[in-house]
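Heads up: the structure comes next, in structure tokens.
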Amino acid sequence: MDEFLQILALLGLLGAGTIGGVFFAFSSFVMRSLVALPPEMGLAAMQTINVRVLNPHFLGCFMGTALISVGCVIVGVLRLETAGSSFILCGGALYLLGTFVITGVCNVPLNNSLALVSQADPSSGDKWLSYARRWTLWNHLRTVSALLATLLFGLGLMQA
């Protein structure tokens, strides 16, 4: 396998695995814990998380993996005859569509709407629970997509 494609795949594997792990944590215990709190506390905690997640560490990994995935798709298409390139191409495409796009189209708008909910609003508890159900559903899909992308990057590297 071409060394450049191997480097892209390795970086994609590390990034998608890291992001998949973060999303897995939210799907497996963070959201369940927040929903178990009194609604105003869960709401406030998630509003804080949604602000704090916008930091160079998380965004660097999340956005960097998206850029690497674009590279994997492009180089994978250009080198389809190379062993493992189809797995790497599919890993990049899956991360982009199943993780990056879903985040931008589904989870971020939900986060933005939650930011506008006041804890003092009498309907805030219902809004919080509705948000948590929808957000978590999309997060499950992001988690599976990121982890499957990790697997595909790994399979591509194993064929090198």
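Sequential numbering from 6 applies to the sequence shown in the numbering used here.
C-beta: ideal position from N, C-alpha, C; glycine also.
Predicted model, so just to flag it, every value in this text is computed and none were measured.
- Assigned with DSSP and collapsed to three states, residue 58 falls in coil, not helix or strand.
- By the neighbour-count definition (other C-beta atoms within 10 Å, threshold 16), residue 30 is an exposed residue.
- Assignment of residue 11 by DSSP, reduced to helix, strand and coil, places it in the helix class.
- When C-beta atoms of the region 39-49 are compared with those of the region 107-114, fewer than three pairs fall below 8 Å, so the two segments do not count as touching.
- When the beta-carbon positions are compared, residue 153 and residue 90 stay at least 8 Å from each other.
- A distance of 8 Å or more separates the beta carbons of residue 160 and residue 73.
- The beta-carbon distance between residue 71 and residue 100, rounded to whole angstroms, is 7 Å. This is short enough to meet the 8 Å contact definition.
- In the three-state DSSP reduction, residue 131 falls in the helix class (H, G or I).
- The C-alpha of residue 47 is placed about 14 Å away from the C-alpha of residue 128.
- For residue 95, the uninterrupted alpha helix (DSSP H) segment begins and ends at 90-99.
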